[in-house]
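A.B. asks: Counting in the numbering used here, the sequence shown runs from 146 upward without gaps.
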Amino acid sequence: MSKFRLVILDNAKAQLESPAAKKILSDVVFIKQKNFLRSEPNYVVTDKHDMIGTHFLIYDTSNFLDPKLVFAIRTTYLSRATQHRIDTPLMSIIPKLDQSIQNTFNSFHDRHKELVDCNAWFVDPDYSKKNSGLNLSALGYFMVCTNVMRAGYDNIVGCTNETYGASRWVEPLGKVAKGLLFEHPAVKSPHMMLLVENFNMDFFSSIYQEYKELVSETFEVFPAKEGEEMIPFSAFCEQIYNLDVKRRAA
């Protein structure tokens, strides 16, 4: 487990002079494009959300001179997208979906004014749990949802590619809307709309206990102001998940 490293990169647009932000964002762009060659070779993945979103990454650091990105996922806050005069990825396709799905989404949005769009999921197929010893997707979604809670919010939205049955990784995260299947208008493959609220703290506590060593070494690259104002990710995890363990033991 010690050969892996968790990394969080937030708002690269606000860190254009940061060598770490430049390197990490480059890794993300190239690995996502490589990933899409499997399902949609003509689709170009680079988008504006890569610059303003928050990237959650897992690296294999066996070769410390050339660490390999093996997992990536990204969130984009609706308020930040609005600030930059763009839609989130999910908001951009909502008008193209069936009315019943639009209605379900609108009802969710009424309950959560700040939506956290979660997408751009990538897992290196050579790093299955059997090969790596890590449940990369569970660990990645743990990072996402914990960071959302750290920011004071309580939901994620998006869509999962059902060519790979990706919605199975979402089911343990909390209260999940069911049956929202559609063909993605850009990728032209079956996707499931992701609407998650009421996060499952028991599940996240179990992930934390299993991967506490990795979480404690999380490398964060945030703009200076945000980084100074925010409790470190590892400290936040220790605070909320140790409290949850004590609560369940009481």
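Even for Gly, the Cβ is constructed at its ideal location relative to N, Cα and C.
Between residue 381 and residue 295, what straight-line distance do the alpha-carbon atoms span, to the nearest angstrom?
C.D. replies: By one-based count along the sequence shown, residue 381 stands at place 236. By one-based count along the sequence shown, residue 295 stands at place 150. If you take the alpha carbons of residue 381 and residue 295, they lie about 7 Å apart.
A.B. asks: Taking 6 Å as the limit between beta carbons, can you name the residues of its chain near residue 287, skipping five residues before and five after?
C.D. replies: Counting from 1 along the sequence shown, the entry for residue 287 is found at position 142. 349 and 352, listed in sequence order.
A.B. asks: Rounded C-beta distance between residue 149 and residue 218? I'm assuming under 8 Å.
C.D. replies: Taking the sequence shown and counting its residues from 1, one reaches residue 149 at position 4. Taking the sequence shown and counting its residues from 1, one reaches residue 218 at position 73. Not a contact, Cβ separation roughly 15 Å.
A.B. asks: How is the beta strand (DSSP E) around residue 346 delimited, first residue to last?
C.D. replies: Reading the sequence shown from its first residue, position 201 is the one you call residue 346. Note, residue 346: premise wrong, no beta strand (DSSP E); alpha helix (DSSP H) at 346-361.
A.B. asks: Under 9 Å between the Cβ atoms of residue 198 and residue 225?
C.D. replies: As a position in the sequence shown, residue 198 is number 53, starting the count at 1. As a position in the sequence shown, residue 225 is number 80, starting the count at 1. It is a contact, given that the beta carbons lie within the stated cut-off.
A.B. asks: Just the C-alpha distance for residue 374 and residue 245, rounded to the nearest angstrom, thanks.
C.D. replies: As a first step, residue 374 is located in the sequence shown; it is residue number 229 there, counting from the start. As a first step, residue 245 is located in the sequence shown; it is residue number 100 there, counting from the start. Cα-Cα distance, rounded: 41 Å.
A.B. asks: Take residue 169 and list the residues in its own chain whose beta-carbon comes closer than 6 Å to its own, dropping the five residues that flank it on each side.
C.D. replies: Counting from 1 along the sequence shown, the entry for residue 169 is found at position 24. Around residue 169: 154.
A.B. asks: Please report how far the alpha carbon of residue 201 lies from the alpha carbon of residue 346, in whole angstroms.
C.D. replies: Counting from one through the sequence shown, the residue named residue 201 turns up at place 56. Counting from one through the sequence shown, the residue named residue 346 turns up at place 201. C-alpha separation (whole angstroms): 19 Å.
A.B. asks: To the nearest angstrom, how far is the alpha carbon of residue 186 from that of residue 194?
C.D. replies: Locating residue 186 in the sequence shown gives position 41, where the first residue counts as 1. Locating residue 194 in the sequence shown gives position 49, where the first residue counts as 1. Cα to Cα, the separation comes out at about 21 Å.
A.B. asks: Using the three-state DSSP reduction, which class does residue 204 fall into: helix, strand or coil?
C.D. replies: Within the sequence shown, residue 204 is the residue found at index 59, counting from 1. It is a strand residue.
A.B. asks: Considering only C-alpha positions, which residue in the set 363, 386, 369 and 367 is nearest to residue 378?
C.D. replies: For the purposes of this step, residue 378 is taken as residue 233 along the sequence shown, with counting starting at 1. The candidate whose alpha carbon is nearest that of residue 378 is 363.
A.B. asks: Residue 164 bridges to which residues according to DSSP?
C.D. replies: If you number the sequence shown from 1, residue 164 lands on position 19. Per DSSP, none; premise fails for residue 164.
A.B. asks: Counting Cβ pairs closer than 8 Å, one from the stretch 325-335 and one from the stretch 300-311, do we hit at least three?
C.D. replies: Judged by Cβ distances under 8 Å, the stretch 325-335 makes contact with the stretch 300-311, as three or more pairs qualify.
A.B. asks: So, with DSSP's three-state summary, where would you put residue 209?
C.D. replies: The residue labelled residue 209 in the question sits at position 64 within the sequence shown. In this structure, residue 209 counts as coil in the three-state DSSP scheme.
A.B. asks: Counting pairs of Cβ atoms below 8 Å between the stretch 259-279 and the stretch 209-216, do you hit three or more?
C.D. replies: Yes, the stretch 259-279 touches the stretch 209-216.
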